[in-house]
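**Student:** Everything in the sequence shown is counted per full-length UniProt numbering, starting at 4 for the first residue and increasing by one.
Quick one: the structure is below, questions incoming.
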Amino acid sequence: LKTVNLNKIYGEDENRVYALKNINMRVDKGEFVAIIGPSGSGKSTLLHLLGGLDRPTKGTVEINGDDIYKFSEDMLAKYRRTNIGFVFQQYNLIPVLKVRENIELPIRLDKKIPDKEYIDKLINFLGLTERREHFPNQLSGGQQQRVAIGRALAAKPSIILADEPTGNLDTKTTEEVMELLEMSSKEFNQTLIVITHNTSIAKKAERVISIVDGKIQ
Ligand code: ADP
Ligand code: ADP
Numbered sequence: 004l005k006t007v008n009l010n011k012i013y014g015e016d017e018n019r020v021y022a023l024k025n026i027n028m029r030v031d032k033g034e035f036v037a038i039i040g041p042s043g044s045g046k047s048t049l050l051h052l053l054g055g056l057d058r059p060t061k062g063t064v065e066i067n068g069d070d071i072y073k074f075s076e077d078m079l080a081k082y083r084r085t086n087i088g089f090v091f092q093q094y095n096l097i098p099v100l101k102v103r104e105n106i107e108l109p110i111r112l113d114k115k116i117p118d119k120e121y122i123d124k125l126i127n128f129l130g131l132t133e134r135r136e137h138f139p140n141q142l143s144g145g146q147q148q149r150v151a152i153g154r155a156l157a158a159k160p161s162i163i164l165a166d167e168p169t170g171n172l173d174t175k176t177t178e179e180v181m182e183l184l185e186m187s188s189k190e191f192n193q194t195l196i197v198i199t200h201n202t203s204i205a206k207k208a209e210r211v212i213s214i215v216d217g218k219i220q
């Protein structure tokens, strides 16, 4: 996964914000990278661009040599569905769907039938077996984030992009959630990129990329 002279400008004229300035970075398959930096420095913008959620003003994002923003909207959506698992600070679960249904949702949206055996295994891996028929509001914060991780992993993505995934969790739950992400990354050789303010998470990463004022330091 690599970027070449990646730039993002929001707004126009006097409202212009230079969110990213010539970002050149490269992350190898299976690598665990933390992105740190002050609030407003461009971390989320970068993660969104790496995941095909937004369009750059200039420069490229390449996966296996493909410039993803040359893809059509349909191809880009397919790329996101099949390659990228997103985890955010907010769990964004669907309140009227049960744990299992929330996890299966991306597969169903892709008009595929979930592989029951794999989903059961995933739910077990997440420690949610007893909770699989519960609704999100019946779960603790840590459990809800584990459901969100399950949803991110359901389609077996090769890249996991997490934006402050433990921002709402206490220390112990933070460790559990990060352990799950790391275990999944090791087990399935998934690239793991995590934005974090948490220094103990950054210490565990194989590499730390520090962003200040839209630039890599
Ligand atoms: P971080 O994740 O490091 O807090 P962001 O990537 O969210 O930083 O934001 C980088 C800069 O871009 C900030 O100045 C922010 O206000 C600005 N920004 C982010 N999203 C938008 C948007 N949709 N429209 C205008 N400005 C934005
Ligand atoms: P935490 O220590 O993370 O704050 P909670 O007190 O929210 O945990 O939850 C403790 C246990 O009770 C968890 O297993 C959670 O799933 C369960 N639980 C919490 N709220 C409900 C609810 N409304 N219905 C059923 N189970 C619940």
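Heads up, the beta-carbon is just placed ideally off N, CA and C, and yes, glycines get one too.
As the structure is a computational prediction, the values presented were derived from the model and not from experiment.
Quick one: complete alpha helix (DSSP H) runs, 4+ long, within the region 126-181?
**Tutor:** Here the runs fully enclosed are 144-156.
**Student:** Per DSSP, which residues does N10 bridge with? Please list them.
**Tutor:** If you number the sequence shown from 1, residue 10 lands on position 7. In DSSP, N10 forms a bridge with K61.
**Student:** Between which two residues does the beta strand (DSSP E) holding T202 run?
**Tutor:** Within the sequence shown, numbered from 1, the residue matching residue 202 stands at position 199. Counting along the chain, T202 falls outside any beta strand (DSSP E), though it belongs to the alpha helix (DSSP H) covering T202 to K207.
**Student:** Relative to ligand 1, is the shortest distance from any of its heavy atoms to the C-beta of S213 smaller than 6 Å?
**Tutor:** Counted from its first residue, the sequence shown places residue 213 at position 210. No; taking the cut-off as 6 Å, the Cβ of S213 has no heavy atom of ligand 1 nearer than that.
**Student:** So is the beta-carbon of V197 under 6 Å away from any non-hydrogen atom of ligand 1?
**Tutor:** Along the sequence shown, one-based indexing puts residue 197 at 194. Checking every heavy atom of ligand 1 against the Cβ of V197, none is found closer than 6 Å.
**Student:** What separation, rounded to the nearest whole angstrom, lies between the Cα atoms of K101 and E136?
**Tutor:** Your numbering for residue 101 matches position 98 in the sequence shown. Your numbering for residue 136 matches position 133 in the sequence shown. Each residue's Cα considered, the two are about 5 Å apart.
**Student:** Is DSSP giving I122 helix, strand or coil here?
**Tutor:** Along the sequence shown, read from residue 1 onward, the residue named residue 122 stands at position 119. Here I122 sits in helix by DSSP.
**Student:** Starting from the Cα of I26, find the closest Cα among K32, F35, R19 and I12 and give me that residue.
**Tutor:** Position 23 of the sequence shown holds residue 26. Answer by Cα proximity: I12.
**Student:** The alpha helix (DSSP H) that contains Y82, what's its start and end?
**Tutor:** For this step, residue 82 is matched to residue 79 along the sequence shown. Run containing Y82: E76 to N86, per the alpha helix (DSSP H) assignment.
**Student:** How about the region 153-170 and the region 188-196: do they share at least three Cβ pairs that are nearer than 8 Å?
**Tutor:** Yes, since at least three Cβ pairs between the region 153-170 and the region 188-196 fall closer than 8 Å, the two stretches touch.
**Student:** Please report how far the alpha carbon of Q141 lies from the alpha carbon of L131, in whole angstroms.
**Tutor:** As a working note, residue 141 is residue 138 in the sequence shown. As a working note, residue 131 is residue 128 in the sequence shown. Rounded to whole angstroms, Q141 to L131 spans 12 Å at the Cα level.
**Student:** With distances taken from each beta carbon to the nearest heavy atom of ligand 1, which residues come in below 6 Å, in chain order?
**Tutor:** Cβ-based neighbours of ligand 1 within the cut-off: Y13, G14, V20, A22, G40, S42, G43, S44, G45, K46, S47 and T48.
**Student:** Distance check for R83 and R149, CA to CA, integer angstroms please.
**Tutor:** To locate residue 149, count along the sequence shown from 1; it is residue 146. To locate residue 83, count along the sequence shown from 1; it is residue 80. Using only the alpha carbons, I get a separation of about 20 Å.
**Student:** If we call anything under 7 Å between Cβ atoms a contact, is I39 one with A205?
**Tutor:** Taking the first residue of the sequence shown as position 1, residue 39 is located at position 36. Taking the first residue of the sequence shown as position 1, residue 205 is located at position 202. Yes, the pair counts as a contact, with Cβ atoms nearer than the cut-off.
**Student:** Can you list, in chain order, the residues of its chain with a C-beta nearer than 6 Å to that of R210? Leave out the 5 residues immediately preceding and following it.
**Tutor:** Here the question's residue 210 lines up with position 207 in the sequence shown. Here the set comprises V36.
**Student:** Let me know if V30 comes out buried or exposed under the rule of 16 or more other beta-carbons within 10 Å of its beta-carbon.
**Tutor:** Within the sequence shown, numbered from 1, the residue matching residue 30 stands at position 27. It counts as buried.
**Student:** With distances taken from CA atoms, which of Q93, G45, G88 and L9 is nearest I110?
**Tutor:** Position 107 of the sequence shown holds residue 110. Of the listed residues, the one whose Cα sits closest to I110 is G88.
**Student:** Could you check where the alpha helix (DSSP H) with N67 kicks off and where it finishes?
**Tutor:** In the sequence shown, counting from the first residue as 1, residue 67 sits at position 64. N67 -> no alpha helix (DSSP H), and no H or E assigned at all.
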